[in-house]
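Report on the structure given below.
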Ligand code: ADP
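Numbering (the numbering used here), first residue to last: 2 to 374.
Right, dumping it as structure tokens:
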């Protein structure tokens with residue numbers, strides 16, 4: 002059982018009043034797998050290290066299950082950490098590496114043996130227990146590091162980019178292993194990564210951070226479909242969301258259109274109503290649309306006959322199951338659409354596309370916040 006509560010937490014490393022983490026507020030539920038994601042330097046590790054007790058908290062409070070832990074030494078927090086560089090002892094066998102923490106705490110020998118073997122079984126490294134770390138692959142070493150964490154049966158796992166040193170294929174495999182493992186053990190986990198795919202696939206909730214500030218806390222699905230602002234919208238999702246600058250214009254009673262210099266898109270009634278209530282009519286705004294919501298399909302043309310536009314095909318990326326086409330439609334940057342790979346274009350060929358306007362989002366040009374009810 003571990004619930005973690007962070008209350009107005011700040012971290013400053015120096016006297017220059019620059020905060021690495023600012024006003025961090027978050028409640029992490031028991032057994033939750035929460036991911037901190039954001040670009041390098043946004044304060045993810047600092048936040049994790051404050052929970053671990055490896056950094057002092059400058060202001061605010063952190064609780065684990067109603068116990069204030071600000072001044073509690075790391076060893077008394079009942080937390081196990083897994084790092085990017087596995088930090089294994091090179092001269093010890095896998096068995097000894099996993100047992101080490103328990104030995105330090107004078108756990109009886111037979112209990113250690115049971116614990117190590119159980120962890121090794123869960124992680125499928127039983128056959129390597131006698132080996133030294135250098136005789137293992139990267140993935141096996143990472144499993145030993147995980148073994149060291151789970152053998153302690155902690156209340157909380159803290160993981161800081163644990164998969165960064167693995168090759169792409171192993172990373173994908175270990176992603177599912179780690180989520181399965183933590184779920185099976187029922188241990189509350191905070192997982193730090195700069196990789197949006199890891200965040201999307203692993204987190205029960207995601208905390209998106211930028212410049213020491215939380216941008217949004219939500220389930221992966223909500224973050225993806227309803228990002229709070231343009232930063233979250235562009236950081237999560239690959240290829241990133243398209244942003245198109247334009248003006249909202251009233252065309253005839255009841256109809257609103259989004260006008261760029263080259264084309265106009267009819268806005269569905271519900272969204273138009275919301276934009277009108279928020280007083281964005283006749284103002285410049287930014288339309289956000291994900292590449293998969295721009296289409297060549299007749300069925301979407303039929304659904305949104307007044308949301309089509311033309312452009313010039315510039316480049317193409319064939320991804321196997323999808324093709325990303327980059328189209329110059331006279332907007333600030335080329336528009337990227339994710340289409341069926343059966344569609345082939347010559348460079349500079351004219352392309353007609355349509356937007357699924359029910360999936361379009363609108364952002365305030367001044368604040369970059371999503372305009373919503
Ligand atoms: P992330 O994990 O998101 O990459 P960090 O938490 O490591 O970011 O860093 C957040 C900010 O704090 C960065 O600007 C970084 O330079 C600064 N920082 C991190 N550790 C220290 C330190 N020990 N001393 C001074 N500044 C630090």
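Glycine residues also receive a C-beta, built at the ideal position from the N, C-alpha and C atoms. Since the model is a prediction, treat every value here as computed from it, not as a measurement.
Integer-rounded CB distance, given that residue j should sit under 8 Å from residue i
| i | j | result |
| --- | --- | --- |
| residue 264 | residue 310 | 4 Å |
| residue 194 | residue 355 | That pair is no contact at about 35 Å. |
| residue 276 | residue 363 | 6 Å |
| residue 397 | residue 50 | Only positions 2 to 374 of the chain appear in the structure, and residue 397 is not among them; the question remains open. |
| residue 250 | residue 278 | Not a contact, Cβ separation roughly 17 Å. |
| residue 213 | residue 20 | 5 Å |
Distance between residue j and residue i (C-alpha atoms, nearest Å)
| i | j | result |
| --- | --- | --- |
| residue 1 | residue 308 | Outside the modelled stretch of the chain, which goes from 2 to 374, sits residue 1, for which no answer is possible. |
| residue 232 | residue 323 | 25 Å |
| residue 65 | residue 52 | 9 Å |
| residue 59 | residue 2 | 27 Å |
| residue 11 | residue 62 | 9 Å |
| residue 36 | residue 349 | 42 Å |
| residue 80 | residue 369 | 38 Å |
| residue 47 | residue 33 | 20 Å |
| residue 8 | residue 150 | 27 Å |
| residue 316 | residue 303 | 27 Å |
| residue 205 | residue 347 | 42 Å |
| residue 92 | residue 30 | 39 Å |
| residue 342 | residue 319 | 7 Å |
| residue 174 | residue 199 | 11 Å |
| residue 109 | residue 211 | 46 Å |
Sequence-distant residues of its chain with Cβ nearer than 7 Å to residue i (five each side left out)
| i | result |
| --- | --- |
| residue 117 | 96, 99, 100 and 152 |
| residue 55 | 75 |
| residue 202 | 176 |
| residue 333 | 246 |
| residue 130 | 94, 95, 96 and 121 |
| residue 180 | 34 and 203 |
| residue 217 | 209, 224, 228, 229 and 233 |
| residue 171 | 139 and 140 |
Within 7 Å, strictly: CB atoms of residue i and residue j
| i | j | result |
| --- | --- | --- |
| residue 22 | residue 42 | no |
| residue 246 | residue 287 | yes |
| residue 183 | residue 177 | no |
| residue 207 | residue 221 | yes |
| residue 234 | residue 289 | yes |
| residue 148 | residue 167 | no |
| residue 240 | residue 292 | yes |
| residue 124 | residue 144 | yes |
| residue 192 | residue 160 | yes |
| residue 209 | residue 146 | no |
| residue 339 | residue 325 | yes |
| residue 85 | residue 165 | yes |
Nonlocal neighbours in the same chain, by C-beta distance under 8 Å from residue i, ignoring five residues either side
| i | result |
| --- | --- |
| residue 358 | 266, 267, 268, 269, 272, 305 and 308 |
Nonlocal neighbours in the same chain, by C-beta distance under 6 Å from residue i, ignoring five residues either side
| i | result |
| --- | --- |
| residue 90 | 98 |
| residue 188 | 158 |
| residue 285 | 248 and 366 |
| residue 260 | 247, 248 and 250 |
| residue 360 | 294 |
| residue 312 | 328, 329, 330 and 352 |
heavy atom of ligand 3 below 6 Å from residue i C-beta
| i | result |
| --- | --- |
| residue 90 | Annotation note on ligand 3: not contained in the displayed structure, which lists ligand 1 as its ligands. |
query = Can you pull every residue whose C-beta falls closer than 5 Å to some heavy atom of ligand 1, listed in chain order?
reply = 14, 21, 41, 42, 43, 44, 45, 46 and 47
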